[in-house]
Amino acid sequence: MDQRYPSRLLEKAVSEFAKLPGIGRKTALRLVLHLLRQDVETVAGFAQAVEAVRRDVKYCRVCHNISDTDLCPICSDARRDTTTICVVENIQDVMAIENTQQYHGLYHVLGGIISPMDGIAPGDIEIASLVERVEQGGIEEVILALSPTMEGDTTNFFISRKLSHTHVKVSVIARGVSVGDELEYTDEVTLGRSILNRTPFGN
């Protein structure tokens, strides 16, 4: 049975919120009604923040992490270990690994993993730019920190093959992360140990 709304503007707002991942129409309605109870300045600030994220947030030209500038704070930090690149699927994974405080190198955000079932091919993610970074020299180790799923393992294997001519050390995070788990939902202690106890990637 369709929900009847007393206002078309309310219905439109609910429909927009319901487009967000994990938000159903009931939750969307609660969110919109919450905003209605706030003063106009608070709601305007909320709307401006969302608009600014979409308009002004950039992707780092080196690692593809999100940033307010062309070069993200991690890539521009002189204290980071520039000889190591940690390869992750998405931005949430960068945040998860940073929270462990166990890794001090650079990152490379693929923007996805190889998944033929979802129509995601190697050319659809940032593998070519990773190979180019390594070929430029100065990189001693590439850590593959992808979720231990079939798609993650497939992507690991593909990347290791693409980097084989560079003779750079390729390692994979330890399997303290359970098979099938998403990296971003792994607790910080387990994830930190997985980074520290990484092992050479074997073909």
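Position 138, counted from 1, in the sequence shown is what the numbering used here calls 138; the numbers after and before it change by one each time, with no gaps.
Glycine included, every Cβ here is placed at the ideal spot set by N, Cα and C.
First through last residue of the alpha helix (DSSP H) which encompasses His104: Stepping through the sequence shown from its first residue, residue 104 is reached at position 104. First-last for His104: undefined, no H or E at that position.
Rounded distance between the beta-carbons of His108 and Leu144, thought under 8 Å: Within the sequence shown, the letter at position 144 stands for residue 144. Within the sequence shown, the letter at position 108 stands for residue 108. Between His108 and Leu144 the Cβ distance is about 10 Å, and since that is not below 8 Å, they are no contact.
Cutoff 7 Å; reference Val172; Cβ partners in own chain excluding five residues on either side: For the purposes of this step, residue 172 is taken as the residue at position 172 of the sequence shown. Closer than 7 Å at Cβ, skipping near neighbours: Leu144, Asn156, Arg198, Thr199, Phe201.
Top-ranked residue by Cα proximity to Asp81, from Thr154, Glu140, Leu146, Glu11: By one-based count along the sequence shown, residue 81 stands at place 81. Nearest of Thr154, Glu140, Leu146, Glu11 to Asp81, Cα basis: Glu140.
Cβ distance (whole Å) where Leu106 is taken to contact Ile85 below 8 Å: Counted from its first residue, the sequence shown places residue 106 at position 106. Counted from its first residue, the sequence shown places residue 85 at position 85. Between the beta-carbon of Leu106 and that of Ile85 there is about 5 Å, and that keeps the pair under the 8 Å contact cut.
Touching by the beta-carbon criterion (3+ pairs, under 8 Å), the stretch 115-122 and the stretch 91-100: At 8 Å Cβ cutoff, the stretches do not touch.
Expected contact under 8 Å - CB spacing of Lys169 and Ile127 to nearest Å: Here residue 169 is taken as the residue at index 169 of the sequence shown, counted from 1. Here residue 127 is taken as the residue at index 127 of the sequence shown, counted from 1. That pair is no contact at about 18 Å.
Proximity test, Leu31 beta-carbon vs the ligand SAM heavy atom, cut-off 7 Å: This structure does not include the ligand SAM; it has no bound ligands of any sort.
Backbone secondary structure at Leu144 - three-state DSSP: Numbered from 1 along the sequence shown, position 144 holds the residue referred to as residue 144. Leu144: strand per DSSP, three-state reduction.
Close Cβ partners of Cys72 (< 7 Å) along its chain, the five nearest in sequence each way excluded: As a working mapping, residue 72 is identified with position 72 in the sequence shown. For Cys72, the CB contacts under 7 Å within the same chain, skipping 5 residues up- and downstream, are Cys60, Cys63, Asn65 in chain order.
Three-state class that DSSP yields for Thr69 in the structure shown: The residue you call residue 69 lines up with position 69 of the sequence shown. In the displayed model, Thr69 falls within coil according to three-state DSSP, outside both helix and strand.
Same chain, Cβ closer than 8 Å to Phe158, five either side skipped, listed in chain order: Reading the sequence shown from its first residue, position 158 is the one you call residue 158. Apart from sequence neighbours up to five positions away, the residues of its chain that approach Phe158 with a beta-carbon distance below 8 Å are Ile114, Pro122, Ile127, ordered along the chain.
Assigned secondary structure, Pro116 (DSSP; H/G/I helix, E/B strand, else coil): As a position in the sequence shown, residue 116 is number 116, starting the count at 1. Residue state for Pro116 is assigned as helix, using DSSP reduced to three classes.
Distance CB(Val43)-CB(Ala13) smaller than 8 Å: Sequence index remark: in the sequence shown, residue 43 carries index 43 (1-based). Sequence index remark: in the sequence shown, residue 13 carries index 13 (1-based). Not in contact: Val43 and Ala13 (Cβ atoms no closer than 8 Å).
Candidates Glu16, Asp77, Arg30: closest to Ala47 by CA position: Locating residue 47 in the sequence shown gives position 47, where the first residue counts as 1. Nearest C-alpha to Ala47: Glu16.
Residues sharing a beta bridge with Tyr5, DSSP: Mapped onto the sequence shown, residue 5 falls at position 5. Paired residues: none, contrary to the question.
Alpha-carbon spacing of His34 relative to Arg133, whole angstroms: Here residue 34 corresponds to residue number 34 of the sequence shown, with the count starting at 1. Here residue 133 corresponds to residue number 133 of the sequence shown, with the count starting at 1. For His34 and Arg133, the distance between alpha carbons rounds to 47 Å.
Contacting residues, own chain, Cβ-Cβ under 6 Å from Arg4 (five flanking each side not counted): Here the question's residue 4 lines up with position 4 in the sequence shown. Excluding positions up to five away in sequence, the list is empty.
Coarse secondary structure for Asp81, derived from DSSP in three states: Looking up residue 81 in the sequence shown gives position 81. Strand, per DSSP.
Best match in Glu89, Arg37, Ala18 for proximity to Gly152 [C-alpha to C-alpha]: Walking along the sequence shown from the start, residue 152 turns up at place 152. When the alpha-carbon of Gly152 is set against those of Glu89, Arg37, Ala18, the nearest one is in Glu89.
Contact under 8 Å by Cβ, Leu110 with Val87: Position 110 of the sequence shown holds residue 110. Position 87 of the sequence shown holds residue 87. Between Leu110 and Val87, the CB-CB gap stays under 8 Å.
Run of the alpha helix (DSSP H) containing Lys19, from where it starts to where it stops: Indexing the sequence shown from 1 puts residue 19 at position 19. Note, Lys19: premise wrong, no alpha helix (DSSP H); not H, not E.
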